[in-house]
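Here the protein sequences come in this chain order: E and W.
Residue numbers for the first sequence follow our numbering, beginning at 395 and rising by one.
Residue numbers for the second sequence follow our numbering, beginning at 395 and rising by one.
So the structure is just underneath, and the comments pick up after that.
2 protein chains.
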Amino acid sequence: MNKQSDRVLVVTSRLKEILGDRLQTSRSVREHHSHTTTLLPSQLPDMVAFPQSTQEISQIVKVCDDNSVPVIPFGAGSSLEGHVNAPQGGVSIDMTNMSAVLEVAPEDLLAVVQPGITRKRLNEELRATGLQFPIDPGADASVGGMVSTRASGTNAVRYGTMADNILELECVLADGQIIRTGSRAKKSAAGYDLTKLIAGSEGTLCVITEVTLKLRGIPEHVVAGYAQFATLDQACTTVIEAIQCGIDVGRIELLDPAQIKASNAYSKLDLAVVPTLFYEFSGGEAKTNEEYELFAAIAEGNGVSALTSAKDAEDRAKLWAARHDAYWAALAQHPGQKGIVSDACVPISKLASCIEQTQEDLSELGLDGYVLGHVGDGNFHVVLCVDPDNQAQCEAAEDLLKRISKRAVEMGGTCTGEHGIGQGKQGSLENEAGPALAVMQTIKKALDPKGIMNPGKIFA
Amino acid sequence: MNKQSDRVLVVTSRLKEILGDRLQTSRSVREHHSHTTTLLPSQLPDMVAFPQSTQEISQIVKVCDDNSVPVIPFGAGSSLEGHVNAPQGGVSIDMTNMSAVLEVAPEDLLAVVQPGITRKRLNEELRATGLQFPIDPGADASVGGMVSTRASGTNAVRYGTMADNILELECVLADGQIIRTGSRAKKSAAGYDLTKLIAGSEGTLCVITEVTLKLRGIPEHVVAGYAQFATLDQACTTVIEAIQCGIDVGRIELLDPAQIKASNAYSKLDLAVVPTLFYEFSGGEAKTNEEYELFAAIAEGNGVSALTSAKDAEDRAKLWAARHDAYWAALAQHPGQKGIVSDACVPISKLASCIEQTQEDLSELGLDGYVLGHVGDGNFHVVLCVDPDNQAQCEAAEDLLKRISKRAVEMGGTCTGEHGIGQGKQGSLENEAGPALAVMQTIKKALDPKGIMNPGKIFA
Numbered sequence: 395m396n397k398q399s400d401r402v403l404v405v406t407s408r409l410k411e412i413l414g415d416r417l418q419t420s421r422s423v424r425e426h427h428s429h430t431t432t433l434l435p436s437q438l439p440d441m442v443a444f445p446q447s448t449q450e451i452s453q454i455v456k457v458c459d460d461n462s463v464p465v466i467p468f469g470a471g472s473s474l475e476g477h478v479n480a481p482q483g484g485v486s487i488d489m490t491n492m493s494a495v496l497e498v499a500p501e502d503l504l505a506v507v508q509p510g511i512t513r514k515r516l517n518e519e520l521r522a523t524g525l526q527f528p529i530d531p532g533a534d535a536s537v538g539g540m541v542s543t544r545a546s547g548t549n550a551v552r553y554g555t556m557a558d559n560i561l562e563l564e565c566v567l568a569d570g571q572i573i574r575t576g577s578r579a580k581k582s583a584a585g586y587d588l589t590k591l592i593a594g595s596e597g598t599l600c601v602i603t604e605v606t607l608k609l610r611g612i613p614e615h616v617v618a619g620y621a622q623f624a625t626l627d628q629a630c631t632t633v634i635e636a637i638q639c640g641i642d643v644g645r646i647e648l649l650d651p652a653q654i655k656a657s658n659a660y661s662k663l664d665l666a667v668v669p670t671l672f673y674e675f676s677g678g679e680a681k682t683n684e685e686y687e688l689f690a691a692i693a694e695g696n697g698v699s700a701l702t703s704a705k706d707a708e709d710r711a712k713l714w715a716a717r718h719d720a721y722w723a724a725l726a727q728h729p730g731q732k733g734i735v736s737d738a739c740v741p742i743s744k745l746a747s748c749i750e751q752t753q754e755d756l757s758e759l760g761l762d763g764y765v766l767g768h769v770g771d772g773n774f775h776v777v778l779c780v781d782p783d784n785q786a787q788c789e790a791a792e793d794l795l796k797r798i799s800k801r802a803v804e805m806g807g808t809c810t811g812e813h814g815i816g817q818g819k820q821g822s823l824e825n826e827a828g829p830a831l832a833v834m835q836t837i838k839k840a841l842d843p844k845g846i847m848n849p850g851k852i853f854a
Numbered sequence: 395m396n397k398q399s400d401r402v403l404v405v406t407s408r409l410k411e412i413l414g415d416r417l418q419t420s421r422s423v424r425e426h427h428s429h430t431t432t433l434l435p436s437q438l439p440d441m442v443a444f445p446q447s448t449q450e451i452s453q454i455v456k457v458c459d460d461n462s463v464p465v466i467p468f469g470a471g472s473s474l475e476g477h478v479n480a481p482q483g484g485v486s487i488d489m490t491n492m493s494a495v496l497e498v499a500p501e502d503l504l505a506v507v508q509p510g511i512t513r514k515r516l517n518e519e520l521r522a523t524g525l526q527f528p529i530d531p532g533a534d535a536s537v538g539g540m541v542s543t544r545a546s547g548t549n550a551v552r553y554g555t556m557a558d559n560i561l562e563l564e565c566v567l568a569d570g571q572i573i574r575t576g577s578r579a580k581k582s583a584a585g586y587d588l589t590k591l592i593a594g595s596e597g598t599l600c601v602i603t604e605v606t607l608k609l610r611g612i613p614e615h616v617v618a619g620y621a622q623f624a625t626l627d628q629a630c631t632t633v634i635e636a637i638q639c640g641i642d643v644g645r646i647e648l649l650d651p652a653q654i655k656a657s658n659a660y661s662k663l664d665l666a667v668v669p670t671l672f673y674e675f676s677g678g679e680a681k682t683n684e685e686y687e688l689f690a691a692i693a694e695g696n697g698v699s700a701l702t703s704a705k706d707a708e709d710r711a712k713l714w715a716a717r718h719d720a721y722w723a724a725l726a727q728h729p730g731q732k733g734i735v736s737d738a739c740v741p742i743s744k745l746a747s748c749i750e751q752t753q754e755d756l757s758e759l760g761l762d763g764y765v766l767g768h769v770g771d772g773n774f775h776v777v778l779c780v781d782p783d784n785q786a787q788c789e790a791a792e793d794l795l796k797r798i799s800k801r802a803v804e805m806g807g808t809c810t811g812e813h814g815i816g817q818g819k820q821g822s823l824e825n826e827a828g829p830a831l832a833v834m835q836t837i838k839k840a841l842d843p844k845g846i847m848n849p850g851k852i853f854a
């Protein structure tokens, strides 16, 4: 086989023929496509392709496979573990030109979209239907990226993760072949569930070219507010009891005192600096009220110190805007520093203890961290603010991230609830999966024998 | 390699050493373990093993792998597509001795069970906790079998299928290695979702040895009843509109006039012989009442001719007993005949038309069929009553099954919503999956290179 540089030249020339100006090789475009939001260094692709159809993607991948050159799908670039980096160079496939809504079928509560569409634009396009796509990972990520990382967010406690909200995928395999997985049926027992295998595979098995998504009605009534407690344990116990009672929680988010202090300053709130839940219930009016009343009784039983309920849309919007801006609120406490976000998920009974131990680590390591949790799922994040030029601090941050992953696994949980493995968590995955990692690698090797599909992600 | 018969002798002798009397080779035991509930002929294993631990299962599989002898996991034997048949002989692994509840963690709403436990016994053991495992495929299937076929049933419209209700699996791979997939966290983005790949893999990738299941609270209030309509279309439109409105449907089942007539006779009901929905809403009292009122208004808008609502547990039990006995009610109309059950799932907007075309097929082919549907999921069954000695009738039944599968796929659906592929639907899967079938086969071959894991199922 020729040298990589020779093979890249062949691919560049072949793809220029296919794509013309829609193949870019300038440094600025390549830099944009290796942007990471973490401490991981940027690793540039050799070129960036802007295909307009599944057929073009199939051609690109075939050319890359023939020449053993890597393929890296690129959506919005908002992933957090170096997923769009190109450690072995290759072709970044930018989905900007593939971001149409192809079909909306309201009776079947589904939409067929191209992978480049972002969740906000999708919801704008759905507005007239009274339907929504509720999965909200915070960032305005692309649907393809959300599928690839098995994204979720604040609404997952009610609606599940991306994996639970896909009916069907169209994908291009490593050899350029196009397949469809799943169907429009709400459920199926027809062979291996390739849809669920591909969801969360981070571009290492195929390039996603079309996604059929489940939609939901927009709830008629909503009540939202906050509940404050003296201890994390009281807050978590309130959530456990609410879920055990069968309350159909819409969202329930935990903010630790450090985060509340930061959000008070950034989002002009005036909350007591104690462990706080932001909650939302929604649906029919009677249901929503009944759920709020039950929740209030449970919170009282756990010593709630302040409890609000806002039915007014503006008050609710202010609350959730503060939650969405939590990352920026944390960063604003440390001008010039960089934010790094951890992402572990544990059985809910272990959440309070896991967070408390993490807070002890923060103080032991002398780090500034702000804790946010999708508490209904046992999923929590620490926003760490570090000076990227302070090597000792960066190393302490790395140490903390590893401690969190290890502790989560020891508690029966996982090193990532929603951000994925990418480049940043391969060691943690090895620790978590044990011998199951080899099964994943066997599947990877069988479906991508030359290792061209987003190499260096999930596995070393 | 030696002849299969020699290899079977070696395996018999090795397994006798390991299991003693817990290896059985008598014809009656072998016959019991190849029992099918279909027109498929029974195909006996060479022997039946009754292991007591994961370690023993690992040893059994290792011996089988070393000698290229098939392994067929056996739960309750209630599958419907020949899943427990042994077309190439081999070792049936009976899970009777592996049916313990290992742990219940109410705070985390989970239970860890061995695969041999049946869903009814599991729910008996959970009774004191106020929690339930809600997935109900009708038969008192084993949990391991339900995982393997991605079973669902009447409650799936609310709680999802088996795949949605497993957190973690322990499995023995083809080489005897033991792995764990998943964790106790409610969600994860840590690498390929092997749990979901194995759910529905029908024993072709591994033997499941432990299952961590999600549990749910038992709803406090329940309202159930029936709604009758002049046409199938009115019944289906009612369900579509109810789901679009966000009603959190507990169960909603469709029975066609033929089935109503049969159930009237068998279950001592007195219903008008028209398309009928059996429904159930549950949860808080206000929520349940609100949902019923909204449902009633939607049903009125679609010309409902009779609508009942029973809050009394006995009345509800009678209704659901009739639904559960529908298969027996159909058979009772045809003494001495055998029941065969189809299983297709289509987008809900296509359900009425798919059933109507199926009814036309029934009359064209001169077959007696009774239609039942998990209408909220677009999943329906036809119970066909045939005389197994009447070859022409059996062929007509086969023809109908193929027509249903083909039509469901043409309508954007699947040839099986919950029964699986097994031996009976391999042609339909080929038609449905297209080139994705080769991807499934590549995975199978990579993980089971000698093809010992339940051979002849899903793939020829």
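Even glycine gets a Cβ: it sits at the ideal position worked out from N, Cα and C.
Nothing here was measured: the structure is a model prediction, and the numbers come from that model.
Closer than 7 Å at the C-beta level to chain E, one finds these residues of the segment 758-783 of chain W: Asp771, Gly772, Asn773. In this chain, the beta strand (DSSP E) harbouring Gln622 (chain W) covers 615-622.
Here Leu766 (chain W) is near Gln653 (chain W), since their CB atoms are less than 8 Å apart. Remark: C-beta atoms of Gly476 (chain E) and Gln817 (chain E) approach each other more closely than 8 Å. Restricting attention to E:Glu754, E:Gln835, E:His813, the CA atom closest to the CA of Leu794 (chain E) is found in E:Glu754. Within the segment 670-686 of chain E, the residues whose Cβ lies closer than 8 Å to some Cβ of chain W are Gly677, Gly678, Glu679, Ala680, Lys681, Asn683, Glu684, Glu685, listed in chain order.
Contact between Leu649 (chain E) and Ala715 (chain E) is ruled out by a C-beta separation of about 14 Å, above the 8 Å threshold. In the DSSP annotation of this structure, the continuous segment of the alpha helix (DSSP H) that includes Pro651 (chain E) starts and ends at 651-661. Inter-residue distance for Leu516 (chain W) and Ala545 (chain W) is about 16 Å (C-alpha atoms, whole angstroms). Legend: CB atoms of the segment 497-530 of chain E lying less than 9 Å from CB atoms of chain W belong to residues Ala499, Pro500, Glu501, Asp502, Leu503, Leu504, Gly524, Leu525. For Ile573 (chain E), the chain W residues whose C-beta falls within less than 8 Å of its own C-beta are Gly828, Pro829, Ala830, Val833, listed in chain order. The beta carbon of Leu588 (chain W) falls within 8 Å of a beta carbon belonging to chain E, placing the residue at that interface.
By the CB criterion at 8 Å, Gly483 (chain W) and Gln398 (chain W) fall inside the cutoff. Separation of Glu674 (chain W) and Gly640 (chain E) (C-alpha to C-alpha, rounded to the nearest whole angstrom) is 16 Å.
In the structure shown, Arg578 (chain E) adopts coil according to DSSP, grouped into three states.
Ranking E:Thr836, E:Met441, E:Ala854, E:Phe774 by CA distance to the CA of Ser736 (chain E) puts E:Phe774 first. Within a 10 Å sphere around the beta-carbon of Pro669 (chain W) sit 16 or more other beta-carbons, which makes this residue buried.
Taking 8 Å as the threshold, the shortest C-beta distance from Thr752 (chain E) to chain W does not fall below it. For Arg578 (chain W), the closest Cβ of chain E is nearer than 8 Å.
Burial check for Lys662 (chain W): the Cβ neighbour count within 10 Å stays below 16, so the residue is exposed. Not flagged as an interface residue toward chain W: Ser472 (chain E), since no C-beta distance is shorter than 8 Å.
Using a Cβ-Cβ cut-off of 8 Å, Ala840 (chain E) counts as an interface residue toward chain W, since at least one Cβ of chain W sits closer than that to its own. Of the other Cβ atoms in all chains shown, fewer than 16 fall within 10 Å of the Cβ of Arg421 (chain E); this residue is therefore exposed. Straight-line measurement puts the Cα of Thr632 (chain E) at about 6 Å from the Cα of Ala693 (chain E). The continuous beta strand (DSSP E) containing Ile560 (chain W) extends over residues 560-567.
Taking a cut-off of 8 Å on C-beta distances, the segment 501-516 of chain W touches the segment 597-607 of chain W, as three or more cross pairs fall below it. Using a Cβ-Cβ cut-off of 8 Å, Arg544 (chain E) counts as an interface residue toward chain W, since at least one Cβ of chain W sits closer than that to its own. Secondary structure of Asp488 (chain W) (DSSP, three-state): strand. Within the segment 797-813 of chain E, the residues whose Cβ lies closer than 9 Å to any Cβ of chain W are, in chain order, Ala802, Val803, Met805, Gly806, Gly807, Thr808, Cys809, Thr810, Gly811, Glu812, His813. Think of a sphere of 7 Å around the beta carbon of Ala550 (chain W): the chain E residues whose beta carbon falls inside it are Lys581, in chain order. The secondary-structure analysis by DSSP pairs Glu501 (chain E) with nothing; it has no beta-bridge partner. In the three-state reduction of the DSSP assignment, Gln753 (chain W) falls in the helix class, which pools H, G and I.
Against Thr555 (chain W), the close residues of chain E are Lys581, in the order they occur along the chain (beta-carbon pairs closer than 7 Å). Contact with chain E is absent for Cys788 (chain W), since none of that chain's Cβ atoms lies less than 8 Å from the residue's Cβ. Closest by C-alpha distance to Gly532 (chain W), out of W:Arg416, W:His768, W:Ser747, W:Pro481, is W:His768. Of the candidates E:Thr625, E:Val617, E:Arg578, the residue whose Cα lies closest to the Cα of Phe672 (chain E) is E:Val617.
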